[in-house]
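Protein sequences, first through last, are from chains A and B. Take any residue in the first sequence, count from 1 to its spot, add 10: that is its number in this note's numbering. Take any residue in the second sequence, count from 1 to its spot, add 10: that is its number in this note's numbering. Cβ coordinates follow ideal geometry from the N, Cα and C atoms, glycine included. Here the structure is a predicted model, which means the values were calculated and not measured. Working notes for the structure below.
Number of protein chains: 2
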Amino acid sequence: MNLIILMESDRLDNERFCLRDNRAEHIRDVLKLEKGEKVQVGLLNGPVGQAVVEVLTPLEVVLKISELRDIAPPEPIVDLVCALPRPQTLKKVLFTSAMMGIRRLYFIRAGRVEKSYFQSPLLGKEKYTPHLIEGLAQGKLTFLPEIHILDRFKVFFDAILPVVEKESEINPAKLVASPESSFNLGERFDKNIRRIIFAIGPEGGWLPFELEYMEQAGFRQFTLGRRILRVEHAVTAALSQMELLLKLK
Amino acid sequence: MNLIILMESDRLDNERFCLRDNRAEHIRDVLKLEKGEKVQVGLLNGPVGQAVVEVLTPLEVVLKISELRDIAPPEPIVDLVCALPRPQTLKKVLFTSAMMGIRRLYFIRAGRVEKSYFQSPLLGKEKYTPHLIEGLAQGKLTFLPEIHILDRFKVFFDAILPVVEKESEINPAKLVASPESSFNLGERFDKNIRRIIFAIGPEGGWLPFELEYMEQAGFRQFTLGRRILRVEHAVTAALSQMELLLKLK
C-alpha cells in the first residue's frame, strides 16, 4: 500500500476521514505511524497529498488532510477489452489494471470463456471494487477504472466501439495481443498516440473467427514476446511497453 | 499450463514418462485428452516437442515422446538480483522469473528486508522448485533458473559479481530499477546487449547507501515508469521492455 486511498464514505467532515479496515491496519501495523505523523493519501478520483494521523485506536484511524495537489491521469489513456477470465484470475486482472492506470475495463464473452464465469459474485460492484482500490494503492494512482461487463462477444465491437469512437475527440489506436503475430508493439505504435483500446484474449486464445472480427473492427495484432504470459502479466507487459515507446525519441 | 514439463524423476525408460501430480490432472481434467492423443511437452533443461498419451488412469498418465526439437534459451540472458521478498511474494517472483526466462536468481539481503524472510521453508530447493516449474509451463520454456540465496547485501557485489564478470565472455549490462531515476530503459540500453544483470529492490526500496554501493559496482539506474509495481510485475515489465528494445530497429 503505497498510497492510502480515501473515499467519500470515509469522510467525517471537510478535511477528516475515518478508516476502520485494512488501511487503518496498514497505518498501525505496517507503517507503524503514531499520532501527529504524516502519510501519503489520495482522494478517490481526485488529487493526492498528505494527511496527519489525528486519532489512532485499535478500532479506527482518523486522518486530517494537510496538503493536496492535483495529479494528471496516466497517459496514454488505455481502455482494456478483456475476455472474462475465471474468478481467481479476474481478481489479479482488476488489481493489475488499476495499478497500471487502465481507464476502462470491458470484460467480454469469447468462445473460450466458460459461461459460468459470468455467474461469479465477483462481478458485483461491491465485490470487485476492493481489488481495484488495492491496485490504485499499489500504483499510487487515484482514478478508479470503470468496469463494463458484456455477456456477448459482438456487442462490444458492434454497439459500444462505434459510440466510444464517435464521442472521442482523439481517434484511439486499436490493438490486440496475439502470440502468433510477427509484429512487435513498436511496429504498431505511433508516438502521437494518446488513446488506446487494447484487447487481451482468454487463456487458450481468441478463436480465428474472433480475431477476424476484431481485425474488421480495426484492431491490429501484435506480439508481447515469445513467452506465453498470464492475463494479468500481459496487462503489465503491454502497458510498460506502451509507456516506454511514448518516451523513446 | 501451456507445456507439460517432464523431469528425469518421471522417466520410465528412454521415451516414456509417468506423471502422477497436477500435470496428470491437467491432462485428464483440463485438456481432457484421451489415450492416443498428443500433448506439447518439454524436457527440463532440454528440447520441447510432443508426446502421445499411452496410459490414462485416475492414478497416473504415461506419455511417450513422439517428437523433440531443440529450442534456444531466451535472449537477452538475464540474471536477476532481487532483495529477498516475503514468502507470499517470493512464490510469485519465482513463478514470474521462470515464465519470463530469467537464467539465474540471486536473492540478497537489504536494509528493508526482514531477517525472518531468510528462515522461510520456501528457500529449500524441494519447496521452491515447483513454483519455477509452474512458471516454465506457463511461459513454454524449459530452462530452470538457478537459485542463489545470499544472507548479506555486499557479498553479491564484492564476491560473486567479479567472478561472474570474469568468467563471462560478454560483458553484462548492469541495471537497477529505481522509481526515482529520470532515465528510461531505452536510454540505458544498447542494442548489442546480450547479457544483463538486473537488480530489483525490496518493497519500500533500496537504502541510499545500497544504491550508491551498486552504482560503484557499475549498476545504472532506470525507471520502469511512474507507477510503483509489485516485485513480480517489475520483473515482467522490465523483461518485456528489454525484449522490445532488442527488436526495435
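Anything in chain B within Cβ reach of A:R162, meaning under 8 Å, just list it in chain order.
Correct list: empty, because the minimum Cβ distance to chain B is about 25 Å.
Since A:E253 meets chain B, which of its residues come closer than 7 Å, beta carbon to beta carbon?
G235
Element boundaries [alpha helix (DSSP H), containing A:A255]
Ala is not the amino acid found at residue 255 of chain A; the sequence shown has Leu there. 241-257 is the span of the alpha helix (DSSP H), which, as asked, contains A:L255.
Which class does A:E59 belong to by DSSP, given the choice of helix, strand or coil?
Strictly speaking, residue 59 of chain A in this sequence is Gly, with Glu absent from that position. The answer is strand: DSSP assigns A:G59 an E or B state.
Mark A:I305 as exposed unless 16 or more other C-beta atoms lie within 10 angstroms of its C-beta, in which case mark it buried.
Outside the shown range of chain A, which is 11 to 259, sits residue 305 of chain A, and nothing can be said about it.
CB contact flag (A:N217, A:R122, <8 Å)
Correcting the residue identity first, residue 217 of chain A is Leu in this sequence and not Asn. Contact flag set, yes.
Looking only at its own chain, which residues have a Cβ that is under 6 Å from the Cβ of B:M17, when we skip the five neighbours before and after it?
L54
Quick check on DSSP: helix, strand or coil for A:E136?
helix
Chain-ordered chain B contacts of A:Q148 [CB-CB under 7 Å]:
I238, R240
Give the interface partners of A:N12 over in chain B, defined as CB-CB distance under 7 Å, in chain order.
I238
If you follow the beta strand (DSSP E) that B:R33 is part of, which residue opens it and which one closes it?
Careful: B:R33 lies outside any beta strand (DSSP E), inside the alpha helix (DSSP H) at 32-35.
Inter-residue Cα distance where the pair is B:F208 and B:E242
13 Å
Which residues in chain A have a C-beta closer than 9 Å to the C-beta of B:S188? List them in chain order.
Result: empty, since nearest Cβ-Cβ is about 15 Å, beyond 9 Å.
Cutoff 6 Å; reference A:A147; Cβ partners in own chain excluding five residues on either side:
M11, L13, I15
Stretch-stretch touch, CB-based, cutoff 8 Å, three pairs: the segment 118-135 of chain A with the segment 86-99 of chain A:
yes
Residue-chain proximity (A:T152, chain B), Cβ-Cβ < 8 Å:
no
List, in order along the chain, the chain A residues whose C-beta lies closer than 7 Å to that of B:L258?
G196
Where do the N-terminal and C-terminal ends of the alpha helix (DSSP H) with A:V219 fall, by residue?
In the sequence as presented, Val is not what sits at residue 219 of chain A; that position holds Phe. 218-226 is the extent of the alpha helix (DSSP H) around A:F219.
Please determine, among B:V71, B:L171, B:F199, B:E220, the residue with the shortest C-alpha to C-alpha distance to B:R30.
B:V71
Look up A:Y116 in the DSSP assignment and give the residues it is bridged to.
A:V91, A:H158
Does the beta-carbon distance from B:R198 to B:E156 come in below 8 Å?
no
Decide if A:G46 is buried, meaning its Cβ has at least 16 other Cβ atoms within 10 Å, or exposed.
exposed
Under 6 Å Cβ to Cβ from B:L66, same chain only, skipping five residues before and after it: list those, please.
K45
Indicate whether the contact test is met: 3 or more Cβ pairs, each with one atom in the segment 104-120 of chain B and one in the segment 229-239 of chain A, closer than 8 Å.
yes
Evaluate A:G145 with the Cβ neighbour count: other Cβ atoms within 10 Å of its Cβ, from every protein chain shown; 16 or more gives buried, anything less gives exposed.
buried
Cβ distance (whole Å) where A:G56 is taken to contact A:E77 below 8 Å:
Contact flag wrong, Cβ pair sits at about 13 Å.
Classify B:L151 as buried or exposed, calling it buried when 16 or more other Cβ atoms lie within 10 Å of its own Cβ.
buried
Check this for me: beta carbons of A:I170 and A:Y116, under 8 Å apart or not?
yes
C-beta contact flag for B:F229 and B:F193 at 8 Å
no
How many whole angstroms separate the CB atoms of A:A120 and A:F163, which I take to be in contact at a CB cut-off of 8 Å?
6 Å
If you measure from the beta carbon of B:M7 to each beta carbon in chain A, is any gap under 8 Å?
The question about residue 7 of chain B has no answer, for chain B in this structure spans 11 to 259.
Under 7 Å from the C-beta of B:S250: neighbouring residues of chain A:
L234, G235, A247, S250, Q251
For chain B, is any of its Cβ atoms less than 8 Å away from the one on A:H36?
no
Against chain E: residues of the segment 91-113 of chain B by CB proximity under 8 Å:
This model lacks chain E altogether, as its protein chains are A and B.
Reduced DSSP secondary structure (H/G/I, E/B, other) of B:A209:
strand
Quick one: grab the DSSP three-state call for B:F105.
helix
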